[in-house]
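Encoded as structure tokens, the structure appears first; notes follow it.
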């Protein structure tokens, strides 16, 4: 948000903007507006993204400490606010150590799209891959556990099944029902961390994602595959099949802090309490 009032860095093309010059950014926000969640009017900044960044940089400079949940996020912020010291501090999560789920004996690649699949979360790639797989009779079944930007647009694809919104405690049973061993996290915006990634790996799913944002640095060893941003639907589908058929691997994920206040928020304990 401090970089761009559109928040997720997706422009009118429904893709990552590439963080162009300020002039291009100003044109974008004038034509497309800011994010729906904004509580400030862009008119207060004369629709000038540079003024927006100066305002937020000033706010950040007064912070006691600044933490980012991934190296990608820290580096992205440092390009715009080089005077700030940003420490990388992954969000606290339970440690996961398990073996990835093997492909089902049906010889079908079952792929999960998990959560709210909006435009910035790769909706266009879900539709494109489903269409490509259906036209070319590829053995892929797409399971959407959650909802999408347009569920009706997926009605024409026999290889897509929609499960609707879910609760955390119902997810294990839903995943077992799908027989999936791959999760597709095809965000076209730079994720800062991705709890969805954590959720997928905590259930033994290998992950396929683009080489963008925090996802590419969170995929370790053989627990997933990183593909070039804007890969063709054909290449993505074949990467899904290859990943699904690959050997089982160990998945290790999560970060635990012995003291959240001291080692995550970096508060020092004093005689009068935390400081």
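In our numbering, the protein residues as written are 1 to 275.
Even glycine gets a Cβ: it sits at the ideal position worked out from N, Cα and C.
Rounded separation between residue i and residue j - CA only
i, j, result
"residue 25", "residue 41", "16 Å"
"residue 17", "residue 28", "10 Å"
"residue 11", "residue 248", "38 Å"
"residue 75", "residue 130", "34 Å"
"residue 103", "residue 136", "21 Å"
"residue 96", "residue 179", "20 Å"
"residue 149", "residue 155", "13 Å"
"residue 146", "residue 237", "21 Å"
"residue 139", "residue 94", "35 Å"
"residue 189", "residue 21", "18 Å"
"residue 159", "residue 182", "15 Å"
"residue 81", "residue 119", "28 Å"
Helix, strand or coil at residue i according to DSSP, with G and I counted as helix
i, result
"residue 195", "helix"
"residue 33", "coil"
"residue 112", "strand"
"residue 220", "coil"
"residue 12", "coil"
"residue 252", "strand"
Start-to-end residues for the alpha helix (DSSP H) that takes in residue i
i, result
"residue 244", "233-245"
"residue 123", "123-135"
"residue 97", "Residue 97 -> not in any alpha helix (DSSP H); beta strand (DSSP E) instead, spanning 93-99."
"residue 85", "Premise fails: residue 85 is in no alpha helix (DSSP H) and is neither H nor E."
CB-CB length for residue i against residue j, believed under 8 Å
i, j, result
"residue 175", "residue 203", "5 Å"
"residue 251", "residue 201", "5 Å"
"residue 88", "residue 70", "7 Å"
Start-to-end residues for the beta strand (DSSP E) that takes in residue i
i, result
"residue 146", "140-148"
Residue environment, residue i, which counts as buried when at least 16 other CB atoms sit within 10 Å
i, result
"residue 206", "buried"
"residue 6", "buried"
"residue 99", "exposed"
"residue 72", "buried"
"residue 43", "exposed"
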